[in-house]
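The structure under discussion appears below in the form of structure tokens.
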Amino acid sequence: MKKLILSCAIVMTAMLLNAQPPEGKAMPGDYYGEKITTTNAVNISEIPAKLEQKETFDTKIKAKVLDVCPKKGCWLKLAVNDSTTAFVKMKDYGFFAPLAIKGKTIILDGEAELKTTSVDELRHYAEDAKKSKEEIAAIKEPKKEIRFTAKGIVVVE
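According to the numbering used here, the sequence shown is numbered sequentially starting from 1325.
Structure, rendered in structure tokens:
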């Protein structure tokens, strides 16, 4: 019986630790995922025009992080311009970003696409972001948005 209780306690502790974003200050030079270079990165504001020509493409972008998933650091929201944002997920959930990356400028290497995100998925991300029940319930329509699947991220500012 003691072994069972001890095993359950270890599993629960591991689950709680696993559900946290990584520690770190997200200082310039810190990277997450694949180690990438900062060369040949384009400003994220150029991406909407490129997506009009191609459905998906690999790119390296420079952008400011507006938000990060407070649960695990498994997604980011980036500023494209004053009125548009882009959503980032990590490739194969292979890495996560620390909460301290919020407000930082990053270089991201990955795939860009224009995607329609379902109401259920939008509500899920709103729950992750700890939005109120009213804010979550107000999400009633899918949203067409710029999405990135990141292979690697490096903090530059």
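By construction, the Cβ of each residue, glycine as well, lies at the ideal position given by its N, Cα and C atoms. Please read all numbers here as calculations on a predicted model, not as lab measurements.
query                                                                                         : result
Test item: CB-CB of residue 1475 and residue 1433 under 9 Å                                   : yes
Residue 1449 to residue 1363 span [Cα, whole Å]                                               : 31 Å
In DSSP terms, what residue 1356 is bridged to                                                : 1477
Cβ shell of residue 1418 (< 7 Å), same chain only, five flanking positions each side left out : 1357
For residue 1376 and residue 1470, the rounded distance between their alpha carbons           : 11 Å
Closest residue to residue 1519 among 1386, 1452, 1479 (Cα-Cα distance)                       : Because the chain is modelled from 1325 through 1481, residue 1519 falls outside the range shown and cannot be assessed.
6 Å Cβ shell around residue 1340 - same chain, five flanking residues per side excluded       : In this prediction, residue 1340 has a pLDDT of 44, which is less than 50 and means its spatial position is unreliable; nothing more can be read from the coordinates.
Residues that DSSP places opposite residue 1433 in a beta bridge                              : 1384, 1476
Residues near residue 1464 in its chain [Cβ-Cβ closer than 8 Å; skip 5 each side]             : 1443
Rounded separation between residue 1400 and residue 1416 - CA only                            : 15 Å
Residue 1390: CB within 8 Å of a non-hydrogen atom of the ligand SAM                          : Annotation note on the ligand SAM: not contained in the displayed structure, which lists no ligands.
Buried or exposed (CB count within 10 angstroms, at least 16 for buried), residue 1428        : buried
Unbroken beta strand (DSSP E) run spanning residue 1365, endpoints                            : It is not in any beta strand (DSSP E) - residue 1365 carries neither H nor E in the DSSP assignment.
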